[in-house]
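Q: First, the structure itself, so that you have it in front of you.
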Amino acid sequence: MRWDDLFGDLEAQLAGEERDALDAEVAERVRIERGAVTLADRLRAHVGVALRLDVGPVVVRGPVREVGADFVLVDDEGLGQSVVPLPALVSVTGLGRAVAPAPGAVLRRLGLTAALRGLVRDRAEVRVVTDRAELRGTPSFVAADHLDLVPLSAGSPEGAGVAQAVPLSAVRVVRSR
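With the working numbering applied, the sequence shown covers 1 to 177.
This is the structure we're talking about:
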């Protein structure tokens with residue numbers, strides 16, 4: 001009978017150690033997976049959810065409409081739509097813990113320049129917010145690291161100014177109606 005107790009005790013200890021090792025491995029894998037989550041992954045999981053995006057000089061509030069590789073598009077409360085480059089974000093309020101799966105190949109290529117080229121195509125009037133100014137005009141060209149913005153003159157919807165080159169690194173928000 002003593003041998004049965006001894007072997008039973010050893011089996012229980014071994015099962016406990018295996019359980020502890022498995023728990024530790026699961027916890028480590030969770031830490032690794034959480035460490036790989038990007039802000040874009042979390043924002044994609046919140047499409048349709050109203051968030052508050054602090055962009056420094058301005059705040060953008062409203063439901064997330066689209067998330068690209070390096071930007072978020074928000075239906076900005078009464079101001080139209082706002083494209084915010086992810087590097088311009090200071091903070092986001094209202095995110096839950098949800099995380100979207102990794103984006104497909106097409107979404108990974110859909111970046112800020114692609115979104116801005118859509119505004120050029122539509123000849124949209126925009127307001128470009130930087131840390132130092134808010135520029136109003138029509139984007140006429142989008143390059144790899146800057147956009148050309150033709151300022152609008154009063155009474156001339158086509159614009160009557162010389163294009164300003166605005167570095168994309170300076171862009172905090174692009175608002176359009």
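A virtual CB, placed ideally from N, CA and C, is assigned to each residue, including glycine.
(1) What does residue 50 pair with, by DSSP beta-bridge criteria?
(2) Which residues does DSSP pair with residue 130 in a beta bridge?
(3) Straight-line CA distance for residue 46 to residue 9?
(4) For residue 123, collect the residues of the same chain with a Cβ closer than 8 Å to its Cβ; drop the 5 residues on either side in sequence, then sort them by chain order.
(5) Mind checking whether residue 148 and residue 133 have CB atoms under 8 Å apart?
(6) Taking a contact to mean a Cβ-Cβ separation below 8 Å, would you say residue 70 touches residue 85 in this structure?
(7) Taking C-beta to C-beta, are residue 126 and residue 174 nearer than 8 Å?
(8) Give me the DSSP bridge partner(s) of residue 81.
A: Let me lay it out:
(1) The residue you call residue 50 lines up with position 50 of the sequence shown. BP columns for residue 50 point to 63.
(2) On the sequence shown, residue 130 is found 130 positions in, with the first residue counted as 1. Note: residue 130 sits in no beta bridge, so no partner.
(3) As a first step, residue 46 is located in the sequence shown; it is residue number 46 there, counting from the start. As a first step, residue 9 is located in the sequence shown; it is residue number 9 there, counting from the start. Distance between the alpha carbons of residue 46 and residue 9 is about 50 Å.
(4) As a first step, residue 123 must be located in the sequence shown, where it is residue number 123. Within the same chain, residue 123 has close Cβ partners 138.
(5) Numbered from 1 along the sequence shown, position 148 holds the residue referred to as residue 148. Numbered from 1 along the sequence shown, position 133 holds the residue referred to as residue 133. Using a Cβ distance threshold of 8 Å, residue 148 and residue 133 do not count as a contacting pair.
(6) Within the sequence shown, the letter at position 70 stands for residue 70. Within the sequence shown, the letter at position 85 stands for residue 85. For residue 70 and residue 85, yes; Cβs fall inside 8 Å.
(7) Here residue 126 refers to the residue found at position 126 when the sequence shown is read from its first residue. Here residue 174 refers to the residue found at position 174 when the sequence shown is read from its first residue. Yes, the Cβ-Cβ distance between residue 126 and residue 174 is below 8 Å.
(8) Along the sequence shown, read from residue 1 onward, the residue named residue 81 stands at position 81. The partner list for residue 81 (beta bridge, DSSP) reads 75 and 176.
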